[in-house]
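Single-structure report; data block below.
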Amino acid sequence: MPAIKGNTVVVLEQNAVLRLGIEALLESWGCQVISGDNLDDIIADTRADNLRPTVLLLPPTNGQETGDQLASRFEAEISYPLPWIGITGDSSLLQRWKAGAFSGILLEMPCSPETLRAALLKALRQKHGSSGDPTA
66 MPAIKGNTVV VLEQNAVLRL GIEALLESWG CQVISGDNLD DIIADTRADN LRPTVLLLPP
126 TNGQETGDQL ASRFEAEISY PLPWIGITGD SSLLQRWKAG AFSGILLEMP CSPETLRAAL
186 LKALRQKHGS SGDPTA
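Sequential numbering of the sequence shown, starting at 66, is according to my numbering.
Now the structure itself:
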């Protein structure tokens, strides 16, 4: 079973207070965090620092793109697939996700640290199961 410690997590969040809280939580679990409010800036930082993220924490939608589209754009830039997790308070998004309208792991707000940790472990299991190489 994969561990959370040592993973690099991308956090895309418009709300700076929420972003800082998520960063602090992930760092307390031993994760390296790449975060921001703009995906293009995060991609540039990832490249500049030669980082290899293992999971994405994305909005299920940012108004223009879905989490699937954001994840695909990020993956195209770094050339390998990544699991993604979204957190939402929008019940219609949750219903669409349950109906299979998009992938990722979707969590309902409010989301406890334990729920996020379980989702991270699930995402990491998916990643390791799909590639067979935990560093890829």
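No residue lacks a Cβ here, since even glycine has one placed at the ideal position from N, Cα and C.
From the options, pick the residue whose C-alpha is nearest to that of residue i; which is it?
i	options	result
Asn103	Ala68, Asp155, Pro118, Phe139	Phe139
Cys176	Arg161, Ala141, Leu77, Leu83	Leu83
Ser157	Met174, Trp149, Ile69, Ala184	Met174
Pro124	Ala141, Ala113, Gly101, Ala109	Gly101
Phe167	Thr131, Asp155, Glu142	Thr131
Asp106	Glu142, Leu171, Gln134, Trp162	Glu142
Mind checking who residue i pairs with in its DSSP beta bridge?
i	result
Gly71	DSSP lists no partner for Gly71.
Leu121	Val75, Trp149
Ile99	Val75
Ile170	Ile150
Thr131	Thr126
Whole angstroms are fine: how far does the CA of residue j sit from the CA of residue i?
i	j	result
Gly151	Asn115	25 Å
Pro146	Ala164	23 Å
Gln160	Ala81	27 Å
Ala113	Thr126	26 Å
Is residue i near the ligand COA, judged by its Cβ being under 7 Å from some heavy atom?
i	result
Arg138	Among the ligands in the structure shown, none appear at all, so the ligand COA cannot be discussed.
Give me the Cβ distance between residue i and residue j, rounded to the nearest whole Å; I'm assuming they're in contact under 8 Å.
i	j	result
Ala188	Val120	5 Å
Pro118	Val76	In fact, because the Cβ distance is near 10 Å, the residues do not count as touching under 8 Å.
Can you name, in chain order, every residue of its own chain whose Cβ lies under 7 Å from the Cβ of residue i, other than the five neighbours on each side?
i	result
Gly95	Ile69, Lys70, Gly71
Leaving aside the five residues before and after residue i along the sequence, list all residues of the same chain whose C-beta is less than 8 Å from its C-beta, in chain order.
i	result
Leu172	Ile150, Gly151, Ile152, Thr153, Thr180, Leu181, Ala184
Residues in the same chain with beta-carbon distance under 6 Å from residue i, minus the five sequence neighbours each way, listed in chain order, please.
i	result
Gly169	Gly132, Trp149, Gly151
Glu78	Arg84
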